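Q:
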Amino acid sequence: MRYASLKRLRTLLLQAGIGLLLYGAGAADAAAASCTVDIDSANFGNVDTLSGASADATAQVSISCSGVSANATAVTLCGNLGSGSGGTSGGTRTMRSGANELGYQLYADAGRATRWGSYDDTTLGQPRTIRIAASDGEANGVVTLYGALSAGQTSAGTGTYLSSFTTGEVRFYYEEGSTLDCTAPTSATLAQASFTVQATVAANCLIAVSNLDFGLHGLIDSEVTASGGVDVTCTPNSTYSIAMDGGLAAATNPEQRLMRSGTNTIAYGLYADQAHSRPWGATGSALVSGTGAGAVQSIPVFGRVAPQPAAVGNYTDTVIVTVTYF
Numbered sequence: 018m019r020y021a022s023l024k025r026l027r028t029l030l031l032q033a034g035i036g037l038l039l040y041g042a043g044a045a046d047a048a049a050a051s052c053t054v055d056i057d058s059a060n061f062g063n064v065d066t067l068s069g070a071s072a073d074a075t076a077q078v079s080i081s082c083s084g085v086s087a088n089a090t091a092v093t094l095c096g097n098l099g100s101g102s103g104g105t106s107g108g109t110r111t112m113r114s115g116a117n118e119l120g121y122q123l124y125a126d127a128g129r130a131t132r133w134g135s136y137d138d139t140t141l142g143q144p145r146t147i148r149i150a151a152s153d154g155e156a157n158g159v160v161t162l163y164g165a166l167s168a169g170q171t172s173a174g175t176g177t178y179l180s181s182f183t184t185g186e187v188r189f190y191y192e193e194g195s196t197l198d199c200t201a202p203t204s205a206t207l208a209q210a211s212f213t214v215q216a217t218v219a220a221n222c223l224i225a226v227s228n229l230d231f232g233l234h235g236l237i238d239s240e241v242t243a244s245g246g247v248d249v250t251c252t253p254n255s256t257y258s259i260a261m262d263g264g265l266a267a268a269t270n271p272e273q274r275l276m277r278s279g280t281n282t283i284a285y286g287l288y289a290d291q292a293h294s295r296p297w298g299a300t301g302s303a304l305v306s307g308t309g310a311g312a313v314q315s316i317p318v319f320g321r322v323a324p325q326p327a328a329v330g331n332y333t334d335t336v337i338v339t340v341t342y343f
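For the sequence shown, this note's numbering gives the first residue as 18, with consecutive numbering after it.
Structural data, given as structure tokens:
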């Protein structure tokens, strides 16, 4: 009888020991860090594609870890960023507005020299290694995501461009300590996030004009003609109109502007066609309109002086050319 009781007691003790071991393993698992990642949207704002200048943007990446083991001094994260919904072109990420695209890149440094990509698509760059000091069971930090939009994308039309990064493309693998290898991080715990990259291409126009010279003449007893030009470069999809004022005499009739030599004058007109049937002025049907193409559009200007008496002299006028666009 005593033997049976002793055997039962040993069995109970053995079961209790197993129970304690299992409980201890559960407590160790519960102490592992749990991290969340939040990324702000990166907005380049209004972009002038004709200026020849690049554009920059930044976004904050906020990391918050709790439940960090008491003996852990840091948490290491491997930040992986994919291509985004805009896709890529030759290793450059793109935003899209309809069928139009705008190239940009994401970087891990303010100098925009180290591209931020992912371990499984290094054409975009390498994943970013982030180490955050741990204290009192927590590890919190903020790093910056840098964006750069390259200059010279004159073919991008007006509009709002967007690329969305879903949780499948924003993957931060993490573990306690400082030894996580970001070239093969998938054995670590995964935190995911989402964000967007955006830019607005605003309408713009650049204009250059050439002078118009009627040359040297004696009597003006027959029609005198000359031609010049207006070069306009406008953002694709933008519309523009070009006005020419009435010159220094403020003429309201585009065909009756005045060149002056002292108190003497010669009347002349400016036209949008070689037949001199479309007077070029400052309002209504006298304007010349078009649609931007992202490249120089050369628009000829035709001048005519009708036969008229004129005193000897050097006659000049100044006409202001204005381009309005939207």
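In this text, a Cβ means the ideal position worked out from N, Cα and C, and glycines have one as well.
Source: prediction; values computed, not measured.
#1: Where does GLY264 land, buried or exposed, given buried means 16+ other C-beta within 10 angstroms?
#2: Select from LEU223, ASN221, LEU287 the residue whose C-alpha is nearest the C-alpha of PHE231.
#3: Which term fits GLN122, buried or exposed, when burial requires 16 or more other beta carbons within 10 angstroms of its beta carbon?
#4: With DSSP run on the structure shown, which of helix, strand or coil describes VAL313?
#5: Helix or strand or just coil, what does DSSP make of LEU119?
#6: Comparing C-alpha positions only, which one of GLU272, TYR257, GLN325, ALA266 sits nearest to VAL305?
#7: Taking all protein chains shown into account, do 16 or more other C-beta atoms lie within 10 angstroms of the C-beta of ILE337, making it buried, or fewer, making it exposed?
#8: Assign PHE343 to buried or exposed, taking buried as 16 or more other Cβ atoms, counted over all protein chains shown, within 10 Å of its Cβ.
#9: Would you call the stretch 96-116 in contact with the stretch 130-148, where contact means no fewer than 3 C-beta pairs closer than 8 Å?
#10: Could you tell me which uninterrupted beta strand (DSSP E) segments, each at least 3 residues in length, are contained entirely in the stretch 146-191, listed from first to last along the chain?
#11: Kindly list the residues whose CB is nearer than 6 Å to the CB of ARG145, restricted to its own chain and excluding five residues on each side of it in sequence; keep chain order.
#12: What span of residues does the beta strand (DSSP E) with ILE337 cover, start to end?
#13: Kindly list the residues whose CB is nearer than 6 Å to the CB of THR308, restricted to its own chain and excluding five residues on each side of it in sequence; keep chain order.
#14: Between the stretch 67-81 and the stretch 148-166, do three or more beta carbon pairs fall short of 8 Å?
#15: For VAL159, which residues from the same chain have a beta carbon less than 8 Å from its beta carbon, with the 5 sequence-adjacent residues on both sides left out?
#16: Name the DSSP bridge partner or partners of PHE319?
#17: Pull up the distance between the alpha-carbon of THR161 and that of ALA210, whole angstroms please.
#18: Given a cut-off of 9 Å, decide if GLY176 and SER114 are closer than it, judged by their beta-carbon atoms.
#19: Below 8 Å on the Cβ atoms is my guess for ALA50 versus VAL92; work out the distance and round it to an integer in Å.
#20: What did DSSP end up calling LEU275 once you bin it into helix, strand or coil?
#21: If ILE259 and VAL313 are in contact, beta carbons under 8 Å, what's the gap, nearest whole angstrom?
#22: Taking only the alpha-carbon atoms, compute the straight-line gap between ALA45 and SER58 and give it to the nearest angstrom.
#23: Just list the residues that DSSP pairs THR308 with in beta bridges.
#24: Please confirm whether MET276 and THR333 have their CB atoms less than 9 Å apart.
#25: Could you name the residues that DSSP lists as bridge partners for ILE237?
#26: Express the C-alpha separation of LEU98 and ALA303 in angstroms, rounding to a whole number.
#27: Could you have a look at THR105 and say whether DSSP puts it in helix, strand or coil?
#28: Using beta-carbon positions only, say whether ASP238 and PRO317 come within less than 9 Å of one another.
#29: Which value, in whole angstroms, describes the spacing of the CA atoms of GLY43 and PHE61?
#30: In the DSSP assignment, what are the bridge partners of PHE212?
#31: Given 8 Å as the limit, tell me if SER181 has its C-beta closer than that to any heavy atom belonging to the ligand SAH.
A: Looking at the coordinates:
#1: Position 247 of the sequence shown, counted from the start, is the residue given in the question as residue 264. Buried.
#2: Looking up residue 231 in the sequence shown gives position 214. Its Cα nearest to that of PHE231, the residue LEU287 stands out among LEU223, ASN221, LEU287.
#3: Sequence index remark: in the sequence shown, residue 122 carries index 105 (1-based). GLN122 should be labelled buried.
#4: Taking the first residue of the sequence shown as 1, we reach residue 313 at position 296. Note: VAL313 maps to strand in three-state DSSP.
#5: The residue given as residue 119 occupies position 102 in the sequence shown. Here DSSP, grouped into helix, strand and coil, assigns LEU119 to strand.
#6: Position 288 of the sequence shown, counted from the start, is the residue given in the question as residue 305. Here the closest residue by C-alpha is TYR257.
#7: For the purposes of this step, residue 337 is identified with residue 320 of the sequence shown, where counting begins at 1. ILE337 should be labelled exposed.
#8: In the sequence shown, the residue the question calls residue 343 occupies position 326. Exposed, because fewer than 16 other Cβ atoms sit within 10 Å of the Cβ of PHE343.
#9: Yes, the stretch 96-116 is in contact with the stretch 130-148.
#10: Every beta strand (DSSP E) of 3 residues or more that sits fully in the stretch 146-191 is shown, in chain order, as 155-166, 176-182.
#11: Residue numbering aside, residue 145 sits at position 128 when the sequence shown is read from its first letter. Excluding sequence positions up to five before and after ARG145, its CB lies within less than 6 Å of the CB of GLY96, ALA125, TRP133, all in the same chain and listed in chain order.
#12: In the sequence shown, the residue the question calls residue 337 occupies position 320. Premise fails: ILE337 is in no beta strand (DSSP E) and is neither H nor E.
#13: Taking the sequence shown and counting its residues from 1, the one referred to as residue 308 is at position 291. So the qualifying residues of the chain are THR256.
#14: By the C-beta criterion, the stretch 67-81 is judged to be in contact with the stretch 148-166, since at least 3 inter-stretch pairs fall below 8 Å.
#15: Counting from 1 along the sequence shown, the entry for residue 159 is found at position 142. Within the same chain, Cβ atoms closer than 8 Å to the Cβ of VAL159 are found at GLN77, VAL78, SER79, ILE80, the five residues on either side in sequence being excluded.
#16: As a first step, residue 319 is located in the sequence shown; it is residue number 302 there, counting from the start. Beta-bridge pairing links PHE319 to SER244, TYR288.
#17: Counting from one through the sequence shown, the residue named residue 161 turns up at place 144. Counting from one through the sequence shown, the residue named residue 210 turns up at place 193. Distance between the alpha carbons of THR161 and ALA210: 15 Å.
#18: Taking the first residue of the sequence shown as position 1, residue 114 is located at position 97. Taking the first residue of the sequence shown as position 1, residue 176 is located at position 159. Yes, the Cβ-Cβ distance between SER114 and GLY176 is below 9 Å.
#19: Counting from 1 along the sequence shown, the entry for residue 50 is found at position 33. Counting from 1 along the sequence shown, the entry for residue 92 is found at position 75. Confirmed, Cβ separation roughly 5 Å.
#20: By 1-based counting over the sequence shown, the position of residue 275 is 258. Residue state, collapsed to three classes: strand.
#21: Translated into the one-based positions of the sequence shown, residue 259 becomes position 242. Translated into the one-based positions of the sequence shown, residue 313 becomes position 296. No, ILE259 and VAL313 are not in contact; Cβ-Cβ is about 14 Å, not under 8 Å.
#22: Looking up residue 45 in the sequence shown gives position 28. Looking up residue 58 in the sequence shown gives position 41. For ALA45, the predicted model reports a pLDDT of 36, less than 50, meaning its position is unreliable; a value from the coordinates is still stated below. Going by C-alpha positions, ALA45 is about 37 Å away from SER58.
#23: Within the sequence shown, numbered from 1, the residue matching residue 308 stands at position 291. Note: THR308 sits in a beta bridge opposite THR256.
#24: Here the question's residue 276 lines up with position 259 in the sequence shown. Here the question's residue 333 lines up with position 316 in the sequence shown. Cβ atoms of MET276 and THR333: closer than 9 Å.
#25: Along the sequence shown, read from residue 1 onward, the residue named residue 237 stands at position 220. Paired residues: none, contrary to the question.
#26: Position 286 of the sequence shown, counting from 1, holds the residue named residue 303. Position 81 of the sequence shown, counting from 1, holds the residue named residue 98. When the Cα atoms are used, ALA303 and LEU98 turn out to be separated by approximately 54 Å.
#27: The sequence position of residue 105 within the sequence shown is 88, counting from 1. In this structure, THR105 counts as strand in the three-state DSSP scheme.
#28: Position 221 of the sequence shown holds residue 238. Position 300 of the sequence shown holds residue 317. No.
#29: Counting from 1 along the sequence shown, the entry for residue 43 is found at position 26. Counting from 1 along the sequence shown, the entry for residue 61 is found at position 44. Below a pLDDT of 50, predicted positions are generally treated as unreliable, and GLY43, at 37, falls in that range; the measurement from the model is reported next regardless. When the Cα atoms are used, GLY43 and PHE61 turn out to be separated by approximately 48 Å.
#30: Your numbering for residue 212 matches position 195 in the sequence shown. BP columns for PHE212 point to PHE182.
#31: Among the components modelled here there is no ligand, and therefore nothing to report on the ligand SAH.
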